[in-house]
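Mapping of the sequence shown onto the working numbering: residues 4 to 222, in sequence order. Glycine is no exception: its CB is placed at the ideal position from the N, C-alpha and C atoms. First the structure, in the form of structure tokens, and then the observations on it.
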Amino acid sequence: MFKNSNIRIYIRSESIVFRKTKEDFGGLSNMATGYSIKVGDIEVRTSEALYQACRFPNSLDVQKMIIEQKSPMMAKMKSKPFRPKTRPDWDMVKVKIMQWCIRAKLACNYYKFRDLLLSTGDKSIVEDSHRDRFWGAISQEDGSLVGENVLGRLLMELREELKVDKMNNLKKVQPLKINDFNLLGHPIPIIGINDDCNKIIEKEEKDKKLRQLQLFNKE
């Protein structure tokens, strides 16, 4: 993972740009539904909710409230009043946690998310944000996007790993080696090897084969 963040300039026409979850590449967003993540016995609806919950490892009531929200935006907004309870090292670990969250998203939605990532080719992936220059980039009058685009860069990093992952090692994700990496009072386990994640992956594989068969029959 990259160590230094700095401002970058992206040309919109040469990039994969996402903002709204219903757009073609909206599934790249942490706000995208349909990419639930199984953490042990706990199901988290979106990578956004998982990321926000990881902010409060020592506040079980806050984590529970975040996970229970049906909307990822509500999960984010309802957590804001509790920011004083944020883990003290948050600024040092938040990029690692975001990286882990999108990898957990891949592990539990392997074929769906893999295919979406690989469909971006070799283009830059950019989150078009209204005001967040850190995770995304902000649209300029000349049509360019300017920002650190850390989320987009993490997605590009994961995409490049997928291209060479012949053994499907990315189907599982190890927990981070940081203090208090907990969810609802329990250490976060390896993601992607439990029965629920395997069932999701198996269903995705069957659905994909069925779609391929249907296309073949049409031809």
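query: Could you pull the start and end residues of the beta strand (DSSP E) that K67 belongs to?; result: That residue, K67, is in no beta strand (DSSP E); its alpha helix (DSSP H) goes L63 to E71.
query: What span of residues does the alpha helix (DSSP H) with G155 cover, start to end?; result: V153 to K166
query: How big is the Cα-Cα spacing for L179 and N185?; result: 10 Å
query: How would you write the range of the beta strand (DSSP E) that I45 sits in, first residue to last?; result: I45 to V47
query: How about V129 and Y13: are their beta carbons less than 9 Å apart?; result: yes
query: N9: which of G43, G139 and C57 sits nearest, CA to CA?; result: G139
query: With DSSP run on the structure shown, which of helix, strand or coil describes F5?; result: For F5, the predicted structure reports a pLDDT of 48, less than 50, and the residue's modelled location is therefore unreliable. A value from the coordinates is still provided. Three-state result, F5: coil.
query: Could you tell me whether the stretch 99-116 touches the stretch 48-61, where touching means 3 or more Cβ pairs closer than 8 Å?; result: yes
query: Report buried or exposed for K6, applying the criterion of at least 16 other Cβ atoms within 10 angstroms of its Cβ.; result: Because the pLDDT at K6 is just 49, under 50, the model does not fix this residue reliably, and the point stays unresolved.
query: On the DSSP bridge list, what partners appear for H133?; result: BP columns for H133 are empty, so no partner.
query: Can we say the stretch 111-123 touches the stretch 36-46, given the rule of at least three CB pairs closer than 8 Å?; result: yes
query: To the nearest angstrom, how far is the alpha carbon of L187 from that of D118?; result: 32 Å
query: According to the Cβ coordinates, are K166 and S18 closer than 9 Å?; result: no
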